[in-house]
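Here's the structure, in structure tokens; my notes come after.
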Amino acid sequence: MYADFFAHPDLFVSIAEQEEARERMVQVVKWYMSAFHAGRKGSVAKKPYNPILGEVFYCHWDLPTETEEPPPPTQETVSEGPVPWSSTNSVCFVAEQVSHHPPSE
Numbered sequence: 091m092y093a094d095f096f097a098h099p100d101l102f103v104s105i106a107e108q109e110e111a112r113e114r115m116v117q118v119v120k121w122y123m124s125a126f127h128a129g130r131k132g133s134v135a136k137k138p139y140n141p142i143l144g145e146v147f148y149c150h151w152d153l154p155t156e157t158e159e160p161p162p163p164t165q166e167t168v169s170e171g172p173v174p175w176s177s178t179n180s181v182c183f184v185a186e187q188v189s190h191h192p193p194s195e
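Pasting the structure below:
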């Protein structure tokens with residue numbers, strides 16, 4: 091399922107931390123492959139919940155800090171971007187159900 095791609099948000103964020111294009115591509119593949127590890131365990135795929143039109147899904151992951159110190163009680167939020175309540179050390183995902191039919195070509 092699509093949501094399984096964010097089972098390891100730390101791998102997704104690490105893509106931008108790589109300096110070389112080759113290393114960024116390696117990180118993309120690691121992130122992509124992690125979805126299969128986190129995905130379904132059985133032989134039959136289950137049908138996901140069918141949302142209603144206009145339903146919005148929000149999810150948020152706090153990423154581990156790179157220091158050994160515990161994080162401060164309040165984290166500074168990001169002023170730019172589509173999610174104003176997000177902190178600088180987190181991954182946020184927002185999705186809205188806009189149609190029950192795939193786009194036609």
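FYI, in the numbering used here the residues of the sequence shown are 91 to 195. Ideal placement from N, C-alpha and C gives every residue a C-beta, glycine not left out.
For residue i, tell me which candidate among the options has the shortest Cα-Cα distance.
i: A97; options: A111, K120, H190, S194; result: K120
i: I105; options: P99, V118, F95, R112; result: V118
i: F147; options: A125, V188, E110; result: V188
How many angstroms separate the CA atom of residue i from the CA atom of residue j?
i: P154; j: N179; result: 8 Å
i: S176; j: D152; result: 9 Å
i: F126; j: C149; result: 20 Å
i: L143; j: E186; result: 8 Å
i: P99; j: F183; result: 10 Å
i: R114; j: S124; result: 15 Å
i: V116; j: H190; result: 34 Å
One question on the structure: do residue i and residue j come within less than 8 Å of each other, judged by their Cβ atoms?
i: V181; j: F95; result: no
Quick one: is residue i buried, meaning 16 or more other Cβ sit within 10 Å of its Cβ, or exposed?
i: S194; result: exposed
i: P174; result: exposed
Does chain C have any CB closer than 8 Å to the CB of residue i?
i: I105; result: Any reference to chain C falls outside this structure, which holds one protein chain only.
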